[in-house]
Amino acid sequence: MSDTEIRDTETTAPETRVFEADVARLLHLMVHAVYSDRDVFLRELIANAADACEKLRYDSIADPALANGEAGRITIALDPDAHRLTVTDNGIGMTEADMIEALGTIARSGTRAFMDKLTAAKDGESPQLIGQFGVGFYSAFMVADTVEVTSRRAGTDLAHRWSSDGLGTYSIEQVPLDHAPAQGTCVVLHLKGDATQYTERAHVERVIRAQSGHVPMPIALIEKPDAETTEVTDGSALWTRPKSEISADEYADFYRSVAGQWDAPALTLHYRAEGKHEYNVLAFVPESRPFDLFDPDRSGRMKLYVRRVFITDEAELLPRYLRFVRGLVDSADLPLNMSREMIQQSPLLAAINKGVTNKVLSELDKLSANDADAYAAFWDTFGAVLKEGIYEDFGRRETLLGLARFHSTTGGDSWRSLKEYVGAMRDNQTAIYYATGTDRERLATSPQLEGFFARGIEVLLLTDPVDSFWAASGIDYDGKPFKSVTQGMADLGLIEPLDGSNQPAPAAPEAEGFIAFVKDRLGDAVSDVRASDRLTTSAACLVASEHGIDRQLERLLSANGQSPKGAKPVLELNPRHDLVSRLAALPDDADLKNDGAHLLFDEARIADGELPDDARAFADRLTRILGKALG
Ligand code: ADP
Ligand code: MG
2 MSDTEIRDTE TTAPETRVFE ADVARLLHLM VHAVYSDRDV FLRELIANAA DACEKLRYDS
62 IADPALANGE AGRITIALDP DAHRLTVTDN GIGMTEADMI EALGTIARSG TRAFMDKLTA
122 AKDGESPQLI GQFGVGFYSA FMVADTVEVT SRRAGTDLAH RWSSDGLGTY SIEQVPLDHA
182 PAQGTCVVLH LKGDATQYTE RAHVERVIRA QSGHVPMPIA LIEKPDAETT EVTDGSALWT
242 RPKSEISADE YADFYRSVAG QWDAPALTLH YRAEGKHEYN VLAFVPESRP FDLFDPDRSG
302 RMKLYVRRVF ITDEAELLPR YLRFVRGLVD SADLPLNMSR EMIQQSPLLA AINKGVTNKV
362 LSELDKLSAN DADAYAAFWD TFGAVLKEGI YEDFGRRETL LGLARFHSTT GGDSWRSLKE
422 YVGAMRDNQT AIYYATGTDR ERLATSPQLE GFFARGIEVL LLTDPVDSFW AASGIDYDGK
482 PFKSVTQGMA DLGLIEPLDG SNQPAPAAPE AEGFIAFVKD RLGDAVSDVR ASDRLTTSAA
542 CLVASEHGID RQLERLLSAN GQSPKGAKPV LELNPRHDLV SRLAALPDDA DLKNDGAHLL
602 FDEARIADGE LPDDARAFAD RLTRILGKAL G
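Per my numbering: the sequence shown = residues 2 to 632.
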């Protein structure tokens with residue numbers, strides 16, 4: 002007797018294990034949520050089967066014996082009497098350890114965030130969520146009471162069966178080889194009583210075509226035990242077909258299957274690069290934003306194929322700031338037998354990255370020129386990500402600044418380009434002014450902007466965290482530097498106010514003495530106190546010191562535990578403000594004058610969205626003053 006035969010007849014007792022806590026919670030949500038569209042489970046199982054076939058195709062490049070000369074295929078078998086649906090593939094398969102790892106845990110970041118979303122999601126949003134977070138396999142429990150996965154890893158002579166009712170535990174046992182696929186995986190769903198449509202040939206066939214029509218393996222259907230096998234899709238690679246023969250619907254279906262998203266592509270790029278390097282590109286800009294777009298671990302999801310063989314979805318085919326683009330590149334030049342690590346370092350990959358990046362940006366540029374509404378929708382969705390490139394991709398900064406759109410004090414709710422901004426600059430205006438913060442409404446009413454309003458100077462209102470970084474990185478557009486309204490002296494003197502008054506109203510003569518007084522009272526809390534020409538209606542505001550960094554950037558850095566040097570702000574007082582001149586007129590030993598000095602400072606902090614320096618002292622002062630006012 003050979004070893005194999007001994008193992009063949011040997012079976013071990015099923016071993017029961019408990020799901021990782023996150024999986025249990027997820028399963029609970031899957032089973033108890035009411036979905037409007039449960040069909041999504043089939044797409045997920047087919048996607049896994051296709052992934053397994055692609056992995057085997059890749060591994061068998063190095064070890065041709067692995068695939069036994071078989072091409073990848075996926076078979077869906079229905080059994081209406083037994084109430085069963087089975088998905089079988091001849092892909093890479095799973096060992097016992099693979100099963101424990103892949104079907105008992107969720108090895109992904111962002112899962113908790115996902116589950117929170119799922120709990121809060123409205124009916125109908127869930128299928129999208131499931132796809133985006135790649136928790137695909139567990140969706141089988143939406144339609145099945147029990148799921149059994151029997152698998153044999155390519156190149157091994159052991160088979161195992163995983164089974165679970167999705168209620169907290171699963172079991173794994175070894176099974177004889179003749180109870181398992183010769184190679185690959187077989188997933189059996191024992192369907193719930195209300196899921197009978199998944200044993201109806203017509204329904205299942207329609208679902209396969211709609212969701213998985215472009216999976217690059219043929220998919221066959223067996224409508225009942227002993228029935229003939231019929232092919233539903235032929236597994237031809239859409240991207241190798243000529244553009245003129247592909248309909249918008251086919252592209253959209255393909256997008257959904259490659260991206261695992263349920264929206265439609267906002268932009269489709271399909272082209273063949275020829276010349277020095279040859280490759281096919283089929284890439285999509287999605288319509289909606291995935292939830293993990295700003296997850297630090299979220300990287301690009303473009304797939305790399307070499308002559309139709311899937312190689313990896315981890316190659317850097319695009320820069321990080323284009324990580325929302327989905328799709329694939331199929332290279333004719335990369336050698337198939339290169340390791341994934343070597344591919345990553347290949348100059349060819351760098352050339353592809355450069356070519357595809359330029360193409361995506363130029364298509365976006367075209368869209369902005371030809372369809373302003375579509376471009377605005379794109380910008381709403383992905384602008385915040387694209388802007389990271391202004392900071393990261395020095396060589397394409399001009400292009401990216403040209404693509405960028407902004408809200409501003411004159412644009413209302415619509416987006417403004419820098420070209421429009423520069424075209425509307427006032428006489429003598431030499432810089433592009435911006436204000437950064439977290440809330441556009443509050444920014445627009447911040448006292449720092451008063452002088453800009455009075456002069457009709459447009460100010461960009463930047464509210465994405467990344468804005469503080471690129472805007473402060475010393476760049477310019479069309480020769481005009483970017484300048485924060487909170488930074489330094491604002492050079493507003495040279496620009497004429499809109500009301501035609503060349504000279505601002507005279508400052509109160511006592512103001513100078515009062516400024517010195519405030520400075521004395523505030524001591525270390527500020528780096529300076531000075532008269533302002535940016536204020537018109539407010540009495541005070543805070544700005545950064547002359548060489549200090551933008552105030553919002555400073556807040557971001559301190560929130561990250563970095564405290565920038567010399568970060569003390571400058572308090573600017575409006576020497577023409579009634580309150581300032583009346584406080585100035587009080588004797589220096591008046592309590593009210595001292596309280597006024599501190600309250601002006603706290604008021605400026607509050608206008609910036611900060612808290613008073615000393616909350617208790619602030620409350621005491623306010624109480625004192627209110628008490629006086631009430632008599
Ligand atoms: P994802 O496909 O995004 O990784 P899934 O929940 O769909 O997440 O699947 C989890 C894992 O289970 C897969 O990554 C894979 O390792 C394994 N798996 C699932 N189905 C199969 C299959 N048919 N063949 C081989 N491995 C599979
Ligand atoms: Mg999957």
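Beta carbons: idealized from backbone N, C-alpha and C, even for Gly.
My output table needs one value for residue i: the three-state DSSP class, helix, strand or coil.
i: Ser110; result: Because the pLDDT of Ser110 is 49, which lies under 50, any placement of that residue in the model is unreliable, and the question is left without a value.
i: Asn449; result: According to the sequence shown, residue 449 is Gln rather than Asn. In this structure, Gln449 counts as helix in the three-state DSSP scheme.
i: Met704; result: Outside the displayed range of the chain (2 to 632) lies residue 704, so it cannot be described from this structure.
i: Ile476; result: coil
i: Asp4; result: With a pLDDT of 42 at Asp4, under the threshold of 50, the predicted position of this residue should be treated as unreliable, though the coordinate-derived value follows. Asp4: helix per DSSP, three-state reduction.
i: His29; result: helix
i: Glu149; result: strand
i: Asn91; result: coil
i: Lys277; result: coil
i: Asp590; result: coil
i: Thr197; result: helix
i: Val581; result: helix
i: Pro65; result: helix
i: Arg417; result: strand
i: Phe292; result: coil
i: Met116; result: helix
i: Gln1; result: Any question about residue 1 goes unanswered here, given that the chain covers just 2 to 632.
i: Val357; result: helix
i: Gln175; result: strand
i: Lys225; result: coil
For residue i, collect the residues of the same chain with a Cβ closer than 8 Å to its Cβ; drop the 5 residues on either side in sequence, then sort them by chain order.
i: Asp589; result: Phe518
i: Glu21; result: Gly105, Thr106, Ile107
i: Pro613; result: Asp603, Arg606, Ile607, Phe619
Ignore the nearest five residues each way along the sequence and tell me which others in residue i's own chain have a CB closer than 7 Å to its CB.
i: Asp596; result: Arg622, Arg625, Ile626
i: Gly390; result: Pro320, Tyr322, Arg397, Leu401
i: Lys193; result: Val144, Ala145, Asp146
i: Ser474; result: Tyr392
i: Leu67; result: Leu57, Asp60, Ser61, Ala155, Gly156
i: Trp380; result: Arg406, Trp416
i: Gly457; result: Arg427, Leu499
i: Thr231; result: Ala221, Leu222
Name, in chain order, the residues that DSSP records as bridge partners for residue i.
i: Cys542; result: Glu573
i: Gly328; result: Ala284, Met303
i: Phe515; result: Answer by DSSP bridge pairing: none, since Phe515 is not bridged.
i: Cys54; result: None; Cys54 has no bridge partner.
i: Arg617; result: Answer by DSSP bridge pairing: none, since Arg617 is not bridged.
i: Thr313; result: Leu305
i: Gly635; result: Residue 635 lies beyond the residue range present for the chain, which begins at 2 and ends at 632; the question has no answer from this structure.
For the ligand MG, is there any heavy atom lying closer than 6 Å to the beta carbon of residue i?
i: Gly92; result: no
i: Ala436; result: no
Should residue i be listed as close to the ligand ADP, given that the test is whether its C-beta is under 6 Å from any heavy atom?
i: Met100; result: no
i: Met95; result: yes
i: Gly156; result: no
i: Gly137; result: yes
i: Asn49; result: yes
i: Thr186; result: yes
i: Ala211; result: no
i: Ala53; result: yes
i: Ala370; result: no
i: Ala103; result: yes
Does the distance between the C-beta of residue i and the nearest non-hydrogen atom of the ligand GDP fall short of 6 Å?
i: Leu30; result: As far as ligands go, the structure on display features the ligand ADP and the ligand MG and does not contain the ligand GDP.
Here's a check: name, in chain order, each residue in its chain whose Cβ is nearer than 6 Å to the Cβ of residue i, leaving out the five neighbours to either side.
i: Ala181; result: Thr151, Arg153, Ala160
i: Glu288; result: Asp264, Ala265, Ala267
i: Ser45; result: According to the sequence shown, residue 45 is Glu rather than Ser. These residues qualify, in order along the chain: Gly137, Ser140.
i: Ser332; result: Tyr280, Val307
With a cut-off of 7 Å, does the C-beta of residue i fall near any C-beta of chain C?
i: Ser485; result: The structure shown contains no chain C; it is built from a single protein chain.
May I ask you to verify whether the stretch 79-90 touches the stretch 250-260, counting CB pairs closer than 8 Å and requiring at least 3? Contact between the stretch 79-90 and the stretch 250-260 is absent: fewer than 3 CB-CB pairs across the two stretches fall below 8 Å.
Three or more C-beta pairs below 8 Å linking the stretch 212-232 and the stretch 167-174: Touching, no.
Three or more C-beta pairs under 8 Å: does that hold for the stretch 283-297 against the stretch 335-346? Contact fails: fewer than three Cβ-Cβ distances are below 8 Å.
Between the stretch 306-318 and the stretch 263-271, are three or more C-beta pairs nearer than 8 Å? Segments in contact, no.
With a threshold of 8 Å, are at least 3 pairs of Cβ atoms found where one atom belongs to the stretch 360-370 and the other to the stretch 270-284? Using a Cβ-Cβ distance cut-off of 8 Å, the stretch 360-370 and the stretch 270-284 are in contact, since at least three pairs of beta carbons, one from each stretch, lie closer than that value.
Cβ contact check for the stretch 222-231 and the stretch 92-100: 3 or more pairs under 8 Å: Because the criterion of three Cβ pairs below 8 Å is not met, the stretch 222-231 and the stretch 92-100 do not touch.
Measuring CB atoms only, is the stretch 178-189 touching the stretch 25-32, in the sense that at least three cross pairs come out at less than 8 Å? As far as the Cβ criterion goes, the stretch 178-189 does not touch the stretch 25-32, which means the pair count is below three.
Could you tell me whether the stretch 512-526 touches the stretch 597-604, where touching means 3 or more Cβ pairs closer than 8 Å? Two segments are said to touch when three or more pairs of C-beta atoms, one from each, lie closer than 8 Å; by this definition the stretch 512-526 touches the stretch 597-604.
Should the stretch 238-248 be called in touch with the stretch 70-77, which here means at least 3 C-beta pairs below 8 Å? Cβ pair count under 8 Å is below three, so no.
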